[in-house]
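> One rule links them: number in my numbering = place in the sequence shown (from 1) + 3.
Note that the Cβ used here is the ideal one computed from N, Cα and C, for glycine as well.
These numbers come from a predicted model, not from an experiment.
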Amino acid sequence: MKITVVGTGYVGLVSGACLAEMGHHVICVDTDQSKIDMLKQGGIPIYEYGLEGLVVENIKQKRLEFTTEIADGVAHGEIIFIAVGTPPDEDGSADLKYVLQAADSIGQSMQNYRVVVTKSTVPVGTAEKVRGALRAALDKRNSGLEFSVASNPEFLKEGAAVEDFMKPDRIVIGTDDERAKALLTKLYAPFNRNHERVIFMDIPSAELTKYAANSMLATKISFMNEIANLAELLGADIESVRKGIGSDPRIGYHFIYPGCGYGGSCFPKDVQALTKTAAANGYEMRILNAVEAVNDDQKYKPVEKLISELGDDLSGRTIALWGLAFKPDTDDMREAPSRIVIKDLLSRGAKIAAFDPVAFEEAERLFAGEQNIEFFHNDPYSVLKGADALVVVTEWKMFRGVQLSRVSAEMKGNLIIDGRNIFNPQTVRKHGMIYHGIGRA
Numbered sequence: 004m005k006i007t008v009v010g011t012g013y014v015g016l017v018s019g020a021c022l023a024e025m026g027h028h029v030i031c032v033d034t035d036q037s038k039i040d041m042l043k044q045g046g047i048p049i050y051e052y053g054l055e056g057l058v059v060e061n062i063k064q065k066r067l068e069f070t071t072e073i074a075d076g077v078a079h080g081e082i083i084f085i086a087v088g089t090p091p092d093e094d095g096s097a098d099l100k101y102v103l104q105a106a107d108s109i110g111q112s113m114q115n116y117r118v119v120v121t122k123s124t125v126p127v128g129t130a131e132k133v134r135g136a137l138r139a140a141l142d143k144r145n146s147g148l149e150f151s152v153a154s155n156p157e158f159l160k161e162g163a164a165v166e167d168f169m170k171p172d173r174i175v176i177g178t179d180d181e182r183a184k185a186l187l188t189k190l191y192a193p194f195n196r197n198h199e200r201v202i203f204m205d206i207p208s209a210e211l212t213k214y215a216a217n218s219m220l221a222t223k224i225s226f227m228n229e230i231a232n233l234a235e236l237l238g239a240d241i242e243s244v245r246k247g248i249g250s251d252p253r254i255g256y257h258f259i260y261p262g263c264g265y266g267g268s269c270f271p272k273d274v275q276a277l278t279k280t281a282a283a284n285g286y287e288m289r290i291l292n293a294v295e296a297v298n299d300d301q302k303y304k305p306v307e308k309l310i311s312e313l314g315d316d317l318s319g320r321t322i323a324l325w326g327l328a329f330k331p332d333t334d335d336m337r338e339a340p341s342r343i344v345i346k347d348l349l350s351r352g353a354k355i356a357a358f359d360p361v362a363f364e365e366a367e368r369l370f371a372g373e374q375n376i377e378f379f380h381n382d383p384y385s386v387l388k389g390a391d392a393l394v395v396v397t398e399w400k401m402f403r404g405v406q407l408s409r410v411s412a413e414m415k416g417n418l419i420i421d422g423r424n425i426f427n428p429q430t431v432r433k434h435g436m437i438y439h440g441i442g443r444a
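1. With distances taken from CA atoms, which of H28, K213, M204 is nearest E181?
2. Under a three-way DSSP split, which group does Y377 fall into?
3. Is T188 buried or exposed, if buried means 16 or more other CB atoms sit within 10 Å of its CB?
4. Which parts of the segment 333–386 are runs of the alpha helix (DSSP H), unbroken and 4 residues or longer, counting only runs that do not cross its ends?
5. Which residues share a DSSP beta bridge with T178?
6. With 16 other CB atoms within 10 Å as the buried threshold, where does P271 fall?
7. Provide the residue span of the alpha helix (DSSP H) that contains H79, from first to last.
8. Taking Cβ to Cβ, would you say D359 is nearer than 8 Å to T397?
9. Please name the residue in E229, V127, A353, V59 whose C-alpha comes closest to that of E373.
10. Can you tell me where the alpha helix (DSSP H) with T129 in it begins and where it stops?
11. Going by alpha carbons, who is nearest to G266 out of V306, D334, E287?
12. Under 8 Å by Cβ, that's how I've got R245 and I259 pegged, so tell me the actual separation to the nearest angstrom.
13. How many angstroms separate the CA atom of L327 from the CA atom of E413?
14. Please go through the same chain and pick out, in chain order, the residues whose beta-carbon is closer than 7 Å to the beta-carbon of L387, but skip the five residues on each side of it.
15. Out of I30, I437, S268, G53, which has the shortest C-alpha to C-alpha gap to E68?
16. Using a threshold of 8 Å, state whether the C-beta atoms of D421 and H434 are closer than that.
17. Could you check whether the segment 78–89 touches the segment 137–145, counting it as contact only if at least three pairs of C-beta atoms, one from each stretch, sit closer than 8 Å?
18. In terms of alpha-carbon separation, which member of E312, D179, K122 lies closest to P156?
19. Mind reading off the beta-carbon distance from T71 to D33? Whole number of angstroms is fine, and I expect it under 8 Å.
20. Quick one: residues in its chain with C-beta nearer than 8 Å to the C-beta of L103, no 5 flanking neighbours on either side, listed in chain order?
21. Quick one: give me the first and last residue of the beta strand (DSSP E) that Y117 is part of.
22. Please report how far the alpha carbon of P91 lies from the alpha carbon of Q114, in whole angstroms.
23. Count the other CB atoms within 10 Å of the CB of M227; is the residue buried (16 or more) or exposed (fewer)?
24. Hey, would you say G19 sits closer than 8 Å to V87, going by beta carbons?
25. Okay, do the segment 272–279 and the segment 94–102 touch, 3+ Cβ pairs below 8 Å being the bar?
26. Are A183 and A153 touching if we call contact CB-CB under 8 Å?
27. Who are the Cβ neighbours of F363 in its own chain at under 6 Å, not counting the five residues just before and after it?
28. Between the Cα of A163 and those of G53, A231, H28, spot the shortest distance and give me the residue it belongs to.
29. Report the rounded CA-to-CA distance for V1 versus Y303, giving the unit in angstroms.
30. For V498, which residues does DSSP report across the bridge?
31. Would R2 pass as a contact of D316 if the rule is Cβ separation under 8 Å?
32. Are the CB atoms of E365 and M401 within a distance shorter than 8 Å?
33. Would the beta-carbon of G249 fall within 8 Å of that of R423?
34. Can you give the Cα-Cα distance for L220 and G255, rounded to whole angstroms?
35. Just verifying my parser: in three-state terms, what is the DSSP assignment at V14?
36. Opposite W399 in the DSSP bridges: which residues?
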């Protein structure tokens, strides 16, 4: 099939490359000329495992193309995905200006029937706004062209997005149109050879499903962090509690790992957007308000534990930081706990040596001009020399296998603040170090 994807950010690029890999002919459209030039050369503007090879191969096979010309994309694709950004507005609600601009541009260029699909995470009611923008653009041209609108939210985890797209748990599609349903069924047929993964529903339900899914996962994280904080006060070990409740199949082990809070481009934004949507409809999301409040507080826990040992004034202290990305296997630092930790440490006079194998460049951009922080990416041990304490913020796999004897030998101090509970407290203490985790007895 001929497919067009408007937007070459995280969702658009992964979707376009994966659909091309399944044999479809895909054109990705973006207004950023420098990004399109990079993509045409086989480069990618984001870090995502497996994506670069997919882009390069499908460009080579002529199944994947890139352009800045929206008219070319609209002429090409019988299905057009809108996958542009929906950044949070000042009040926390999703900003739909790029979605509606894309819809207007599509409407200005349409010459034949098209299915226009919102792939971006958008509030309930957005598809109707897209429908209105398309119709308004066509009316300006005195065109009575028919079109369909559908919702097809993505459920991709950063760091595993390619695998998630190629082997989806479910494919949610909201549509009120049999013609659109037939085309989207054909599009996703290659993903259904093992068993049917497509779930059709009405458009508002599809839009709400994405927000509900991310908000549920965020709720599990904040709930577990609350239990971890209580465990510390009661002398319980959250790791034992986690195993005890995770063994119940009604709960499961996913997303019940306590730590220093969630971040990224999805959970914080989607929780806020859903609470704003509810408020606009006269309903207060009390649970989600608490989820957000707990998460905001949790990001300060590493420094709280640090100053309980070293004092409020960290002038003259050097703190080693392991992890900058909001999660492993990505360079994304949006809403990352590390940003709160860094700002808090700097405000107390500390010097910071921070390591991340991927996100160091993004960190350098975010903290450009800051004199008291240095970033490293080759060797996690390189930040330990002369450090009074080590703070673990991101649970990169490489940290699990480090030699604690070497960690102890390299550091000037002997304090480890484990914001992700990757170390065994007893093992750390056997090496003569002071250990503070999240909810660890």
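According to the data block:
1. Within the sequence shown, the letter at position 178 stands for residue 181. That would be M204, whose Cα lies nearest to the Cα of E181.
2. Position 374 of the sequence shown, counted from the first residue, corresponds to residue 377. With the sequence shown as reference, residue 377 is identified as Glu, and Tyr is not the correct amino acid for it. Strand, per DSSP.
3. Counted from its first residue, the sequence shown places residue 188 at position 185. Exposed: under 16 other Cβ atoms inside 10 Å.
4. 340–350, 363–369
5. Here residue 178 refers to the residue found at position 175 when the sequence shown is read from its first residue. Paired residue(s): A153.
6. Sequence index remark: in the sequence shown, residue 271 carries index 268 (1-based). By the 10 Å Cβ count, P271 comes out buried.
7. Counting from 1 along the sequence shown, the entry for residue 79 is found at position 76. Looking at the DSSP string, the run of the alpha helix (DSSP H) that includes H79 is 73–79.
8. As a working mapping, residue 359 is identified with position 356 in the sequence shown. As a working mapping, residue 397 is identified with position 394 in the sequence shown. Yes; because the gap between Cβ atoms is below 8 Å, this pair is in contact.
9. Here the question's residue 373 lines up with position 370 in the sequence shown. The candidate whose alpha carbon is nearest that of E373 is A353.
10. Looking up residue 129 in the sequence shown gives position 126. Looking at the DSSP string, the run of the alpha helix (DSSP H) that includes T129 is 129–143.
11. The residue you call residue 266 lines up with position 263 of the sequence shown. Taking only the C-alpha atoms, the option nearest G266 is D334.
12. As a working note, residue 245 is residue 242 in the sequence shown. As a working note, residue 259 is residue 256 in the sequence shown. Right, the Cβ-Cβ distance comes to about 6 Å (below 8 Å), so this counts as a contact.
13. As a position in the sequence shown, residue 327 is number 324, starting the count at 1. As a position in the sequence shown, residue 413 is number 410, starting the count at 1. Each residue's alpha carbon lies about 21 Å from the other.
14. To locate residue 387, count along the sequence shown from 1; it is residue 384. The residues are A323, L393, V410, E413, M414.
15. Here the question's residue 68 lines up with position 65 in the sequence shown. It is I30.
16. Residue mapping note: residue 421 aligns to position 418 of the sequence shown, counting from 1. Residue mapping note: residue 434 aligns to position 431 of the sequence shown, counting from 1. The answer is no: Cβ separation not under 8 Å.
17. no
18. Mapped onto the sequence shown, residue 156 falls at position 153. Measuring from the Cα of P156, the nearest candidate turns out to be K122.
19. Locating residue 71 in the sequence shown gives position 68, where the first residue counts as 1. Locating residue 33 in the sequence shown gives position 30, where the first residue counts as 1. With 8 Å as the limit, T71 and D33 qualify as a contact, their Cβ atoms being about 6 Å apart.
20. Taking the first residue of the sequence shown as 1, we reach residue 103 at position 100. Excluding sequence neighbours, L103 sits near K132, V133, A136.
21. By 1-based counting over the sequence shown, the position of residue 117 is 114. In the sequence as displayed, the identity of residue 117 is Arg instead of Tyr. From DSSP, the beta strand (DSSP E) with R117 extends over 117–121.
22. For the purposes of this step, residue 91 is taken as residue 88 along the sequence shown, with counting starting at 1. For the purposes of this step, residue 114 is taken as residue 111 along the sequence shown, with counting starting at 1. Going from the Cα of P91 to the Cα of Q114 covers about 33 Å.
23. As a working mapping, residue 227 is identified with position 224 in the sequence shown. Burial call: buried.
24. By 1-based counting over the sequence shown, the position of residue 19 is 16. By 1-based counting over the sequence shown, the position of residue 87 is 84. No, the Cβ-Cβ distance between G19 and V87 is not below 8 Å.
25. yes
26. Translated into the one-based positions of the sequence shown, residue 183 becomes position 180. Translated into the one-based positions of the sequence shown, residue 153 becomes position 150. Yes, the pair counts as a contact, with Cβ atoms nearer than the cut-off.
27. Against the sequence shown, residue 363 aligns to sequence position 360. Cβ neighbours of F363 beyond the five flanking positions: F378, H380.
28. As a first step, residue 163 is located in the sequence shown; it is residue number 160 there, counting from the start. It is G53.
29. A question about residue 1 goes unanswered here, because the residues of the chain that appear run from 4 up to 444.
30. This structure cannot speak to residue 498, because the chain is shown only from 4 to 444.
31. There is simply no residue 2 to check, as the chain begins at 4 and stops at 444 in what is shown.
32. Position 398 of the sequence shown, counting from 1, holds the residue named residue 401. Position 362 of the sequence shown, counting from 1, holds the residue named residue 365. No, they are not a contact pair.
33. To locate residue 249, count along the sequence shown from 1; it is residue 246. To locate residue 423, count along the sequence shown from 1; it is residue 420. Cβ distance not < 8 Å, so G249 and R423 don't count as in contact.
34. For the purposes of this step, residue 220 is taken as residue 217 along the sequence shown, with counting starting at 1. For the purposes of this step, residue 255 is taken as residue 252 along the sequence shown, with counting starting at 1. Looking at the two C-alpha atoms, the distance is approximately 12 Å.
35. Translated into positions along the sequence shown, residue 14 becomes position 11. Note: V14 maps to helix in three-state DSSP.
36. As a position in the sequence shown, residue 399 is number 396, starting the count at 1. None; W399 has no bridge partner.
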